Amino acid sequence: MTHSLEDAMTALRAGDVSHAGDICDGILAQTPDDPRATYVSGLVKYQKNEIRPAIETLVRAITLDPTSAEYHRSLGSIFKNTGATENAVQFFEQARLRDPDDARTHVLLADALKELGDFDRALAHYHQGHHLNPDDPETLGHIDKLEMVIDLSRALLEARETGATAICDIGSSRFGHPASLHLPQSSIDFVQAYKSNLDARANAYNAVGLKGAFGDQGAIMPHYVAEWIYDDYLSIRDHLPHRADGVLDIGCGFGGLVALLQLHYGPAQATQFYLVEQAEIPGAEFSRPTPNAPSLDPLGCARDLLLANGVAEDHIHRVASDHAAALSDFDYDLIISIRSWCYLYPIETYIGVVHGRLRPGGRLVVDVNKSIGGLAALQEHLPDARLISNRQDLERCLYVKPGA
Ligand SMILES: C[S@@+](CC[C@H](N)C(=O)[O-])C[C@H]1O[C@@H](n2cnc3c(N)ncnc32)[C@H](O)[C@@H]1O
18 MTHSLEDAMT
28 ALRAGDVSHA
38 GDICDGILAQ
48 TPDDPRATYV
58 SGLVKYQKNE
68 IRPAIETLVR
78 AITLDPTSAE
88 YHRSLGSIFK
98 NTGATENAVQ
108 FFEQARLRDP
118 DDARTHVLLA
128 DALKELGDFD
138 RALAHYHQGH
148 HLNPDDPETL
158 GHIDKLEMVI
168 DLSRALLEAR
178 ETGATAICDI
188 GSSRFGHPAS
198 LHLPQSSIDF
208 VQAYKSNLDA
218 RANAYNAVGL
228 KGAFGDQGAI
238 MPHYVAEWIY
248 DDYLSIRDHL
258 PHRADGVLDI
268 GCGFGGLVAL
278 LQLHYGPAQA
288 TQFYLVEQAE
298 IPGAEFSRPT
308 PNAPSLDPLG
318 CARDLLLANG
328 VAEDHIHRVA
338 SDHAAALSDF
348 DYDLIISIRS
358 WCYLYPIETY
368 IGVVHGRLRP
378 GGRLVVDVNK
388 SIGGLAALQE
398 HLPDARLISN
408 RQDLERCLYV
418 KPGA
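What follows is the structure in structure tokens.
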């Protein structure tokens, strides 16, 4: 029975990579210069994780048919996924020239430009993608996030230049009321030291394929920090309790997420913030950016950030992790731990506080490392916990304490 290229594509989509490869090989044995068979065979190689042969085969497909936007776009995607973002931009641009009305290409191009820090062009292409496909809510999400990141980055850079607290007008649409984020100098220093730390450890990050994210573009790349934190906020926003008198952030870092929670709840709610962090541990990510750098004080930074955003001093409670027993003196409506507890260190560390001090109806949002069991590991202690988002190496989970 003879198979067509459509069959090969169907097999590829269904994950039957070797069948797809066999079909392509059969067609190419008859017609070695068939551009589409060459193209699909390149996709098959990519699926088999044969990256270099995949790239070479797609380049050959493009040589055989230089008019195809699809071939250029696919090659761009492979470059993007392998961290060669500049090459990705080139091929997405070529795809766009061949098919200017393809919304996907604009969005892919925007993603790559954003990764390179070319925000203005990235935003223009997201808008173009949205214009061409207004029904895709994801593109609107990209626009919202990038606009936020641009505003935050500007404020961070401005604060770095002036040495003063920067004020970032976040607009009223994001938080349902007018909101400005105030960024004091210590936050900027923290982000900058964090960036130096990432640079110092660049080889380790490169090895796991995150090179593009930490490219050497200037002394500070605040937008990744801004984007991570805003993205974290968006991912938990719909799960936040309506009212939160007591919020505990376990492993709060420099306090970026709690600062956004202060904006979320607004000045009308006088939330008490409880922040737990390591005081300082040599070599730890947030406490010592490079072996010779002065140590960082995440709890001090988090306090400055909350103070700058209108939280009263007596509403900020800092607890060093070696004094964590003090957390049992309070009650919480919301406990969050993003990329910290259950992700970096065992569930036993703080499960007692959650069991004992989360109020009935209160919520826990916690990231669980997939390599230590993810949601299932959490459910051994909290059977009602459920998944709210699934990310690269972690599962973000929600637990609502019964009995409100
Ligand atoms: C990857 S960072 C995440 C920081 C922050 N939650 C965020 O998402 O940006 C992990 C944090 O957990 C902190 N940490 C490590 N062990 C801890 C412990 N036993 N108690 C509290 N925090 C801890 C680290 O110092 C670090 O700030």
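Just so we're aligned, residue 18 is where the sequence shown starts under our numbering, counting upward by one. For each residue, glycine too, the CB sits at the ideal point set by N, CA and C. Small disclaimer: the values here were computed from a predicted structure and weren't measured.
Does the beta carbon of residue i fall short of 7 Å from some heavy atom of ligand 1?
{"i": "Tyr-362", "result": "yes"}
{"i": "Ile-355", "result": "yes"}
{"i": "Thr-80", "result": "no"}
{"i": "Val-106", "result": "no"}
{"i": "Ile-267", "result": "yes"}
{"i": "Asp-314", "result": "no"}
{"i": "Glu-244", "result": "no"}
{"i": "Ser-252", "result": "no"}
{"i": "Gly-273", "result": "yes"}
{"i": "Val-293", "result": "yes"}
{"i": "Asp-249", "result": "yes"}
{"i": "Ser-338", "result": "yes"}
{"i": "Thr-366", "result": "yes"}
{"i": "Gly-317", "result": "no"}
{"i": "Gly-270", "result": "yes"}
How is residue i classed by DSSP in three states: helix, strand or coil?
{"i": "Pro-299", "result": "Confidence at Pro-299 is low in this model, with a pLDDT of 42, below 50, so the placement of that residue should be treated as unreliable; the coordinate-derived value is given next. Of the three classes helix, strand and coil, the one that applies to Pro-299 here is coil, per DSSP."}
{"i": "Asp-314", "result": "coil"}
{"i": "Arg-260", "result": "coil"}
{"i": "Arg-403", "result": "strand"}
{"i": "Gly-379", "result": "strand"}
{"i": "Leu-133", "result": "coil"}
{"i": "Gln-286", "result": "coil"}
{"i": "Asp-42", "result": "helix"}
{"i": "Asp-33", "result": "coil"}
{"i": "Ala-341", "result": "helix"}
{"i": "Asp-331", "result": "helix"}
{"i": "Glu-397", "result": "coil"}
{"i": "Asp-186", "result": "strand"}
{"i": "Tyr-349", "result": "strand"}
{"i": "Tyr-56", "result": "helix"}
{"i": "Arg-305", "result": "Because the pLDDT of Arg-305 is 44, which lies under 50, any placement of that residue in the model is unreliable, and the number read from its coordinates should be weighed accordingly. Residue state, collapsed to three classes: coil."}
{"i": "Tyr-63", "result": "helix"}
{"i": "Tyr-367", "result": "coil"}
{"i": "Pro-70", "result": "helix"}
{"i": "Phe-108", "result": "helix"}
{"i": "Thr-422", "result": "This structure does not reach residue 422, given that the chain is present from 18 up to 421, and the question cannot be answered."}
{"i": "His-142", "result": "helix"}
{"i": "Gly-373", "result": "helix"}
{"i": "Arg-191", "result": "coil"}
{"i": "His-159", "result": "helix"}
{"i": "Ala-101", "result": "coil"}
{"i": "Gly-272", "result": "coil"}
For residue i, which beta-bridge partners are listed by DSSP?
{"i": "Leu-411", "result": "Asn-386"}
{"i": "Trp-358", "result": "Tyr-362"}
{"i": "Val-293", "result": "Ile-267 and Val-336"}
{"i": "Ser-197", "result": "Asp-186"}
{"i": "Val-417", "result": "Arg-380"}
In whole angstroms, what is the alpha-carbon distance linking residue i and residue j?
{"i": "Gln-64", "j": "Gly-93", "result": "15 Å"}
{"i": "Leu-251", "j": "Arg-69", "result": "37 Å"}
{"i": "Leu-277", "j": "Arg-408", "result": "21 Å"}
{"i": "Gly-180", "j": "Cys-318", "result": "15 Å"}
{"i": "Arg-191", "j": "Gly-59", "result": "43 Å"}
{"i": "Asp-314", "j": "Ile-95", "result": "40 Å"}
{"i": "Ala-127", "j": "Glu-365", "result": "42 Å"}
{"i": "Leu-415", "j": "Pro-363", "result": "17 Å"}
{"i": "Gly-327", "j": "Pro-195", "result": "14 Å"}
{"i": "Asp-350", "j": "Pro-377", "result": "8 Å"}
{"i": "Val-382", "j": "Asp-266", "result": "10 Å"}
{"i": "Arg-305", "j": "Arg-320", "result": "Note that Arg-305 has pLDDT 44, beneath the 50 cutoff, so the model's placement of it is unreliable and no number is given."}
{"i": "Ile-352", "j": "Val-370", "result": "10 Å"}
{"i": "His-144", "j": "Met-165", "result": "15 Å"}
{"i": "Tyr-247", "j": "His-372", "result": "28 Å"}
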